[in-house]
Amino acid sequence: MPELPEVETVRRTLKNFIIGKEITKITVHYDNIITGDTNAFVTSLTGQTIRDIDRVGKYLIFILDTQAFISHLRMEGKYNIVAASKPLNKHEHLSFLFSDGSELRYQDTRKFGRLELVNKETYRHDLPLCKLGPEPWDADPQAIYRKIHKSNLPIKTLLLDQSLMAGIGNIYANEICFRMKIHPATPGKRLSKKRVAELIDVSTEILTQAITQGGTTIHSFDANGITGLFQVQLQVHLQKNCSVCNGAITKEMVRGRGTYYCPTCQKKQG
DNA sequence: CTAGTTCCCTGGCCGC
DNA sequence: TGCGGCCAGGGAACTA
Numbered sequence: 001m002p003e004l005p006e007v008e009t010v011r012r013t014l015k016n017f018i019i020g021k022e023i024t025k026i027t028v029h030y031d032n033i034i035t036g037d038t039n040a041f042v043t044s045l046t047g048q049t050i051r052d053i054d055r056v057g058k059y060l061i062f063i064l065d066t067q068a069f070i071s072h073l074r075m076e077g078k079y080n081i082v083a084a085s086k087p088l089n090k091h092e093h094l095s096f097l098f099s100d101g102s103e104l105r106y107q108d109t110r111k112f113g114r115l116e117l118v119n120k121e122t123y124r125h126d127l128p129l130c131k132l133g134p135e136p137w138d139a140d141p142q143a144i145y146r147k148i149h150k151s152n153l154p155i156k157t158l159l160l161d162q163s164l165m166a167g168i169g170n171i172y173a174n175e176i177c178f179r180m181k182i183h184p185a186t187p188g189k190r191l192s193k194k195r196v197a198e199l200i201d202v203s204t205e206i207l208t209q210a211i212t213q214g215g216t217t218i219h220s221f222d223a224n225g226i227t228g229l230f231q232v233q234l235q236v237h238l239q240k241n242c243s244v245c246n247g248a249i250t251k252e253m254v255r256g257r258g259t260y261y262c263p264t265c266q267k268k269q270g
C-alpha cells in the first residue's frame, strides 16, 4: 500500500507527465470513487489545466486553474498515463482526457481510494486535510509527547494515527519500531521524552531514505503504472529472519494490523 | 474526549 | 477443477 514515500514518488513522477495539460473530458466509470457530487467534480474540472501537484501526508492534491481535487490511493490506487485509444482495463475507474490525446486514468482494484473536489485556496485548512498531524520532519517532540504520554495504545497503533503524525502506514510503522528496537505493542505512555524525540528522528530518517530510493524510478513507470513502489530494503516487514540477530521474525496482530517484529531485538519498554 | 467497531471492496488463498 | 468462505487493510462514520 502506498505510504508517504510512495505517494511522494507518484507525485514527482506524475508532475513530469501532466503539468500544463488541459483536461478536455472526464469520464467516471465507477461513481463511488468520487466523494461528493460526481457531476460537480466533472463539470468543475473539465476545461482546466493542471498547474501543480501537492502532497500532504498520503494525500495528493491536484492544483488546476481555479479548482483543486485531492486523491487518496488507500490500498491499491495507482495512476496510468496512456493513449486515449487504449482500451479501458477493468480496474480503471476514472479517465481524464487531455487535449493532446493522452489520458490519465485512475486504477484501483479494491476500489478503496477516493477523489474529492476541494477549495483551491483553503484545502489545507478544510476537511479532511485539517485533521492530519505534521509529517515527521515537522513534528514537535514536546507536542507528540504530550499527546501520547498517557496513552495505553500500542506505539505502533499511535504511529498509524494520521492525526498524530501524517504519512506512516503499516509497513513503515513496522520498520520504525524495528529501528527503535521497541516492541510494537509497547504502550505509548512507556516512552520517555527522549524516546519520543528519537521516534520522530527515526521516522524522519526512514521516510526520507525511502523517498530517496523512490527517486531512482521517478522518470519511469513500472508495468502496473505509476505506483511509487520500488525496492526498499525492509528490515522486518514481511521478513523471515532478523537482519541484526538472525533470529526468527514474529508476525502477530496488533490492533487488527499485521505486525512484524524481532522478539529478541525489540523489547517491550521505552 | 478516547477508544472500540463496522464498513467499504476484491483478489488471493484455503479447504473440501 | 470448481466453488464457497474468509480475510487484509486506511480511514470515515458511528457507538460506547
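Residue numbers (UniProt numbering): 1 to 270. In this text, a Cβ means the ideal position worked out from N, Cα and C, and glycines have one as well.
Cβ pair residue i, residue j closer than 8 Å
{"i": "A166", "j": "G214", "result": "no"}
{"i": "E175", "j": "H237", "result": "yes"}
{"i": "N170", "j": "G258", "result": "yes"}
{"i": "I34", "j": "E116", "result": "yes"}
{"i": "Y106", "j": "Y123", "result": "no"}
{"i": "Q67", "j": "K120", "result": "yes"}
{"i": "residue 282", "j": "W137", "result": "Nothing about residue 282 can be reported from this structure: the residues present for the chain run from 1 to 270 only."}
{"i": "C242", "j": "T264", "result": "yes"}
{"i": "R55", "j": "I19", "result": "no"}
{"i": "I26", "j": "T46", "result": "yes"}
{"i": "R179", "j": "V196", "result": "no"}
{"i": "F112", "j": "E135", "result": "no"}
{"i": "V7", "j": "L73", "result": "yes"}
{"i": "I53", "j": "L94", "result": "no"}
{"i": "I148", "j": "G101", "result": "no"}
{"i": "Y260", "j": "Q239", "result": "yes"}
{"i": "F41", "j": "I81", "result": "no"}
Cβ-Cβ separation, residue j to residue i (assumed contact under 8 Å), whole Å
{"i": "F69", "j": "E22", "result": "Between E22 and F69 the Cβ distance is about 15 Å, and since that is not below 8 Å, they are no contact."}
{"i": "K268", "j": "A185", "result": "7 Å"}
{"i": "A173", "j": "L160", "result": "5 Å"}
{"i": "K193", "j": "P154", "result": "Not confirmed; about 19 Å, so no contact."}
{"i": "C177", "j": "Q266", "result": "6 Å"}
{"i": "T38", "j": "D31", "result": "6 Å"}
With 16 other Cβ atoms within 10 Å as the buried cut-off, status of residue i
{"i": "I200", "result": "buried"}
{"i": "E3", "result": "buried"}
{"i": "R110", "result": "exposed"}
{"i": "R114", "result": "buried"}
{"i": "V10", "result": "buried"}
{"i": "E103", "result": "buried"}
{"i": "C262", "result": "buried"}
{"i": "G57", "result": "buried"}
{"i": "C130", "result": "exposed"}
{"i": "R12", "result": "buried"}
{"i": "L164", "result": "buried"}
{"i": "T216", "result": "With a pLDDT of 45 at T216, under the threshold of 50, the modelled position of this residue cannot be trusted; read the value that follows with caution. T216 is exposed by the Cβ-count criterion."}
{"i": "S85", "result": "exposed"}
{"i": "E92", "result": "buried"}
{"i": "K156", "result": "buried"}
{"i": "H125", "result": "exposed"}
{"i": "A210", "result": "buried"}
{"i": "D65", "result": "exposed"}
{"i": "P5", "result": "buried"}
{"i": "L191", "result": "buried"}
{"i": "L127", "result": "exposed"}
Per DSSP, cross-strand counterpart(s) of residue i
{"i": "D52", "result": "I63"}
{"i": "E103", "result": "V82, L97"}
{"i": "E92", "result": "Q107"}
{"i": "A248", "result": "N241"}
{"i": "Y260", "result": "K251"}
{"i": "I26", "result": "F96"}
{"i": "T35", "result": "E116"}
{"i": "K267", "result": "I182"}
Proximity test, residue i beta-carbon vs the ligand ATP heavy atom, cut-off 7 Å
{"i": "L97", "result": "Summarising the ligand content, the structure contains no ligands, and the ligand ATP is consequently not present."}
task: Scan the stretch 55-84 and note each continuous beta strand (DSSP E) run of 3 residues or more that stays entirely inside, going in chain order.
output: As far as the stretch 55-84 is concerned, its whole beta strand (DSSP E) runs of at least 3 residues are 59-63, 68-72, 77-83.
- prompt: Taking the runs of the alpha helix (DSSP H) that are 4 residues or longer, which of them lie wholly in the stretch 189-217?
  reply: Runs of the alpha helix (DSSP H) spanning 4 or more residues and lying entirely within the stretch 189-217 occur at 193-214, in chain order.
task: Can you check the stretch 109-196 for any alpha helix (DSSP H) of at least 4 residues that lies completely inside it and give the ranges in chain order?
output: You should have 141-148, 155-160, 170-180.
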